[in-house]
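*Asks:* My structure is below; once you've seen it, I'll send some questions.
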Amino acid sequence: MKTAPLDLNTLAAAGMHEVKNLLGQLTLSLDGIAQAGCPGATEQISGARFACRRIVDRLGEMLTLYKLEGGHHAPNIDAHSPLDFLEDLMHEARTLTAGRFTIDLQQDSAPPFWFFDRELAQSALMNALHNALGFARTRITLSAVQDGDFLVFRVSDDGPGFPQALLDDNFDAPRASQQGTGLGLYFANSVAKVHQNKGRIGKVALANDGGAVFSLYLP
Numbered sequence: 001m002k003t004a005p006l007d008l009n010t011l012a013a014a015g016m017h018e019v020k021n022l023l024g025q026l027t028l029s030l031d032g033i034a035q036a037g038c039p040g041a042t043e044q045i046s047g048a049r050f051a052c053r054r055i056v057d058r059l060g061e062m063l064t065l066y067k068l069e070g071g072h073h074a075p076n077i078d079a080h081s082p083l084d085f086l087e088d089l090m091h092e093a094r095t096l097t098a099g100r101f102t103i104d105l106q107q108d109s110a111p112p113f114w115f116f117d118r119e120l121a122q123s124a125l126m127n128a129l130h131n132a133l134g135f136a137r138t139r140i141t142l143s144a145v146q147d148g149d150f151l152v153f154r155v156s157d158d159g160p161g162f163p164q165a166l167l168d169d170n171f172d173a174p175r176a177s178q179q180g181t182g183l184g185l186y187f188a189n190s191v192a193k194v195h196q197n198k199g200r201i202g203k204v205a206l207a208n209d210g211g212a213v214f215s216l217y218l219p
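If you count by the working numbering, then the sequence shown holds residues 1 to 219, one letter each, in order.
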């Protein structure tokens with residue numbers, strides 16, 4: 001019996017998944033080297049771990065986009081503590097920075113709980129963190145506030161800010177620029193838009209305020 005040819009999209013998704021797993025194993029190996037102590041190589045190991053994590057996260061974003069746009073992934077909306085969520089994100093960011101940046105968490109304005117897909121939101125905000133780590137001078141701030149009927153997660157840095165072309169973008173498609181491919185912002189916007197509640201739809205907003213400010217609005 002002749003089998004049907006494998007769909008190229010399915011093949012690409014499987015390949016990305018395998019590469020993602022292999023890079024995850026490499027990251028764990030680098031973590032082990034860092035913990036064992038290797039004098040004179042701390043900065044290089046930190047840079048390699050950061051690069052591996054960016055690749056792993058980007059492959060994860062592509063897989064998620066493939067599932068979202070193909071109708072194969074429904075958001076897993078549940079109640080979460082925004083503050084606990086950001087604390088986990090902060091600890092992960094500090095692991096990546098190896099002390100090169102100060103990571104702050106603004107805790108006073110976060111609502112006690114909100115309904116959202118934790119995994120998707122984490123992926124979107126990790127992408128924003130990666131960008132901040134690439135441009136921040138010394139400090140990155142994470143925060144969560146309630147703005148009307150929306151929960152707003154923010155990642156702010158003290159770098160040069162976003163270029164005007166990005167501030168004017170609506171993120172409806174990836175657009176290459178000197179800042180990158182635009183895939184990360186397109187992914188974050190796609191994550192935001194699958195969060196819907198009583199006619200309200202999530203969104204992404206960029207601003208400059210003493211540096212770049214990335215905001216993820218979830219209804």
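Yeah, the Cβ is synthetic: ideal placement off N, Cα and C, and Gly gets one too.
Tell me whether I55 sits in a helix, a strand or coil according to DSSP, three-state version.
*Replies:* helix
*Asks:* Alpha carbon to alpha carbon, what distance is there between R200 and P219?
*Replies:* 6 Å
*Asks:* Bridge partners of Y217, per DSSP?
*Replies:* V152, K203
*Asks:* Return the CA-CA distance between L133 and Y217, expressed in angstroms with no decimal places.
*Replies:* So the two alpha carbons sit approximately 21 Å from each other.
*Asks:* Counting C-beta neighbours from all protein chains within 10 Å, is the total for H91 16 or more, i.e. buried, or is it exposed?
*Replies:* exposed
*Asks:* Could you compute how far the alpha carbon of P5 sits from the alpha carbon of V56?
*Replies:* The predicted position of P5 is uncertain, since its pLDDT is 46 and thus under 50; a value taken from the coordinates is nonetheless stated next. If you take the alpha carbons of P5 and V56, they lie about 28 Å apart.
*Asks:* State the Cα-Cα distance for the pair P111 and L151, rounded to the nearest angstrom.
*Replies:* 8 Å
*Asks:* Please go through the segment 91-137 and give each complete alpha helix (DSSP H) segment of 4 or more residues, from N-terminal end onward.
*Replies:* 118-135
*Asks:* Would you list the one or two residues that DSSP bridges to S143?
*Replies:* Q106, R154
*Asks:* Assess, as a yes-or-no matter, whether the segment 106-121 is touched by the segment 72-87 under the definition of 3 or more beta carbon pairs within less than 8 Å.
*Replies:* yes
*Asks:* Nearest to K193 by CA position, among N208, N170, G211, is which residue?
*Replies:* N170
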